[in-house]
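Engineer: This is the structure I want to talk about, given as structure tokens.
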Ligand code: SF4
Ligand code: SF4
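Residue numbers (my numbering): -9 to 86.
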């Protein structure tokens, strides 16, 4: 299985640790294993794996997470497999 890294340095995912109540929901809903738990708080374990699906933010009842969901993310990952990282661009397919 190839590494499911989206865009290095993606910045739309934000996490406010002061709001986190340790419910673990983000670790359960994230398809990319971006979060881990550290005691009773979530931690952003690997930000570059985030594909901006929005599931964490939608399911965090504490509003500790925000992200701007994009639909080109999965297509971008697949394009990097086929075309290579420099040639891939989600703008090519007009999705976002
Ligand atoms: S879903 Fe929100 S409140 Fe729950 S562990 Fe994750 S960041 Fe914390
Ligand atoms: S937006 Fe999706 S992929 Fe990114 S951290 Fe949240 S659940 Fe995981």
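All C-beta atoms in this analysis are idealised placements derived from N, C-alpha and C, irrespective of residue type, glycine included.
Can you list, in chain order, the residues of its chain with a C-beta nearer than 6 Å to that of residue 20? Leave out the 5 residues immediately preceding and following it.
Structural biologist: Excluding positions up to five away in sequence, the list reads 46.
Engineer: Over the uninterrupted alpha helix (DSSP H) stretch that includes residue 15, give me the two end residues.
Structural biologist: Its alpha helix (DSSP H) spans residues 15 to 19.
Engineer: Assuming residue 45 is part of the alpha helix (DSSP H), what are its boundary residues?
Structural biologist: It spans 45 to 49 - the alpha helix (DSSP H) in which residue 45 sits, taken as one unbroken run.
Engineer: Nearest CA to the CA of residue 30: which residue from 9, 24, 72 and 39?
Structural biologist: Selected option, being the one with the closest Cα: 9.
Engineer: So, at 7 Å on beta carbons, what are the nonlocal neighbours of residue 15 in its own chain, with the 5 sequence-adjacent residues on each side left out?
Structural biologist: Answer for residue 15: 49 and 50, listed in chain order.
Engineer: If you draw a straight line from the C-alpha of residue 55 to the C-alpha of residue 71, how long is it?
Structural biologist: Roughly 29 Å between the two C-alpha positions.
Engineer: What residues in its chain sit with their C-beta under 6 Å from that of residue 6, if we drop five residues either side in the sequence?
Structural biologist: 54, listed in sequence order.
Engineer: Could you give the DSSP three-state label for residue 39: helix, strand or coil?
Structural biologist: DSSP places residue 39 in helix when its eight states are reduced to three.
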